[in-house]
């Protein structure tokens, strides 16, 4: 089972809709590549939508963090959207919610970029 | 009437065809990462072998006249086969000055197609000059131009052998074409010899490369064995025997070396310390980081008994030395005299405490940031108490995240029931059972399918 990424733009924000499983191998590499690509293209606001992500393992989590750090270093704002219960729990235990901005609502997420600036 | 030389040529053609077929299949199946040399060789050899058979066998065995379509077909195939040969040459030689090799191939290909077209339409195809002669002239010319322009082919191993083989073939190819030009004799005589030389050269190169790859693989395998031995040394060799505790541990990495680590920490004599760490990822990179974890924790413990400080120092080390690699870890300290325990966690799955009197499984929850993410992060130390008969399980997520065929994870669907049901089992037996159960849980279609390192420590309070 692999992961698919669907890219869309709305209101100046790039949204990556992920679905499937983010695990070691294809899934995590694809995620890394697309985020780097968006940063290279000069996008400054990125939302990763995890609504359809059924499972994320330590590799996938590592890639999310790396993506966040890479974005932060280039002044790009990266936020997470629609975490499943499992991923919420994982974020809780690892205290990653203090690192990432997490949202349950797409509009709220998009608005939050404006508030920050 | 079969002539001896025709038979020989047919046999040679047959063996060349077979070699070519095998090379093509090898390329398509194995798809080596670098280069299509095998493919060009295959596409060159199979039609060439076929052409040889047709040209020699057709005339003698079937008694067909040289004008017949079959022979012409054979001749066409022979001509076309030179294109992959040129591509093979380009593979090793490079593009040449101003991509002269590519021009050469393009020109030759166009002429061949033209000639084939003419041969198909003309009533006397024999009168059409063979484009092979064109190649005989242009090819050395191209090489000369390159040399004069200062082009040097890329340095590749075995270059000389391949060039030698191609050169031998080219000489025989030229000889036959020039001879044909003058005498009109269809049957190639020296070409197959040249081809055999080329095949031998090519074959020896392939054999050398295969041997080299095998040697590299063996070297890497023995390095992994050495690495595993080193990692085994940083793991505890035995469980400590401390008054009031019965301890069992299991370490089941996914590959030869792993990112999981566990250790027993040396506090005062009546206190037992356990650490389990999980570096994100597997294999050698994770194992290297786990060595850093071991060194940092061992060194911190010498100076402080505060678990939160141990994690803080570990975090500082990892942020500094291994940015981009993330790790989870949990430290637990147990005091038999006071029947109390402390723990501090950095993003690690919560240790499980089975309360035997209350018949209840407690998750020792804590929130702590993953190690290696943010410098200066501080960690929290929490307390708990235990009683005689209780059981503590400290583990890495390879245990709880193990998935069955249906996607159910061991931690939610099997582990709690197992702990409850097996509370009477001895520490060692329980550890053995637990490992067997989790391995059985993640079998897929009957075969073992461990997808992460599994590590756990069981502590019974006596």
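Residue numbers (this note's numbering), protein chains in the order written: chain A, 39 to 155; chain B, 33 to 494. We put the beta carbon where it would ideally sit given N, CA and C, even for glycine.
Anything in chain B within Cβ reach of residue 132 of chain A, meaning under 9 Å, just list it in chain order. 358, 360, 378, 379, 380, 399, 400, 401, 402, 405
Taking Cβ positions only, does residue 485 of chain B come closer than 8 Å to chain A? no
Environment of residue 74 of chain B [buried if 16+ CB atoms lie within 10 Å]: buried
For residue 227 of chain B, which option in B/84, B/399, B/371, B/146 has the closest C-alpha, if you only look at C-alpha atoms? B/84
Should residue 397 of chain B go down as buried or exposed, given a rule of 16 or more other Cβ atoms within 10 Å for buried? exposed
C-beta neighbour in chain A for residue 292 of chain B, strict 8 Å: no
Can you find the residues in the same chain that come closer than 8 Å, C-beta to C-beta, to residue 259 of chain B, ignoring five residues on each side of it along the sequence? 288, 289, 316, 319
Assuming residue 166 of chain B contacts residue 140 of chain B (C-beta within less than 8 Å), just tell me the rounded distance between them. With 8 Å as the limit, residue 166 of chain B and residue 140 of chain B qualify as a contact, their Cβ atoms being about 7 Å apart.
Going along the stretch 87-104 of chain A in order, which residues come within less than 9 Å of chain B, judged by CB to CB distance? Per Cβ criterion, the list reads 92, 93, 95, 96, 97, 99, 100, 103, 104.
Count the CB pairs spanning the stretch 364-374 of chain B and the stretch 266-284 of chain B that are closer than 8 Å, and state whether there are at least three. They touch, by the three-pair rule.
Cβ neighbour criterion (16 or more within 10 Å) applied to residue 262 of chain B: The residue is exposed, with fewer than 16 neighbouring Cβ atoms inside 10 Å.
In terms of residues, what are the limits of the alpha helix (DSSP H) holding residue 126 of chain A? 123-131
Closer than 8 Å is the cut-off here; do at least three beta carbon pairs connect the stretch 460-480 of chain B with the stretch 416-435 of chain B? yes
For chain A, find out if any of its Cβ atoms is closer than 8 Å to the Cβ of residue 286 of chain B; answer yes or no. no
Alpha carbon of residue 53 of chain A to alpha carbon of residue 93 of chain A, nearest angstrom: Distance from the CA atom of residue 53 of chain A to the CA atom of residue 93 of chain A, rounded to whole angstroms, is 19 Å.
Suppose you measure from the CA of residue 97 of chain A to the CA of residue 388 of chain B; what does that come to, to the nearest Å? Those two C-alpha atoms are separated by around 36 Å.
DSSP state of residue 67 of chain A mapped onto helix, strand, coil: Per DSSP, reduced to three states, the secondary structure at residue 67 of chain A is helical.
Starting from residue 373 of chain B, trace the beta strand (DSSP E) both ways and give me its first and last residue. 372-378
In the DSSP assignment, what residue or residues form a beta bridge with residue 441 of chain B? Residue 441 of chain B is bridged by DSSP to B/435.
Quick one, are the C-beta atoms of residue 279 of chain B and residue 470 of chain B less than 8 Å apart? no
Per DSSP, what kind of secondary structure is residue 394 of chain B in: helix, strand or coil? Looking at residue 394 of chain B - three-state DSSP - the assignment turns out to be strand.
For the pair the stretch 400-418 of chain B and the stretch 455-470 of chain B, tell me if three or more CB-CB distances fall below 8 Å. no
Beta-carbon of residue 122 of chain A versus every beta-carbon of chain B: anything under 8 Å? Chain B contact via Cβ: absent.
Note down, in chain order, every chain B residue with its Cβ under 8 Å from the Cβ of residue 137 of chain A. 401, 405, 406
Tell me, please, which residues DSSP counts as bridged to residue 297 of chain B. Residue pairing by DSSP places residue 297 of chain B opposite B/305 in a beta bridge.
Would you list the one or two residues that DSSP bridges to residue 275 of chain B? According to DSSP, which records beta bridges pairwise, residue 275 of chain B is partnered with nothing at all.
State the DSSP-derived secondary structure class of residue 138 of chain A, mapped to helix, strand or coil. coil
Step through the CB atoms of chain A and report whether any lies within less than 8 Å of the CB of residue 13 of chain B. Nothing can be reported for residue 13 of chain B: it is not among the residues displayed for chain B, which extend from 33 to 494.
If we count the other Cβ atoms within 10 Å of its Cβ and call it buried at 16 or more, is residue 106 of chain B buried or exposed? buried
Ordered along the chain, which non-local residues of its own chain (more than five positions away) have a Cβ less than 6 Å from that of residue 449 of chain B? none
Cβ neighbours of residue 230 of chain B in the same chain (closer than 8 Å, five flanking residues each side left out): Sequence-distant partners of residue 230 of chain B (beyond 5 residues in either direction) whose C-beta falls short of 8 Å from its own C-beta, in its chain, are 197, 198, 200, 201.
Among A/87, A/76, A/114, which residue has its Cα nearest to the Cα of residue 151 of chain A? A/114
Can you give me the start and stop residues for the beta strand (DSSP E) that residue 264 of chain B sits inside? From DSSP, residue 264 of chain B is part of no beta strand (DSSP E) but of the alpha helix (DSSP H) over 223-266.
Element boundaries [beta strand (DSSP E), containing residue 57 of chain A]: 51-60
Would you mind reading off the limits of the beta strand (DSSP E) that contains residue 420 of chain B? No beta strand (DSSP E) holds residue 420 of chain B; DSSP gives it neither H nor E.
Of all the CB atoms in chain A, is at least one closer than 8 Å to the CB of residue 429 of chain B? yes
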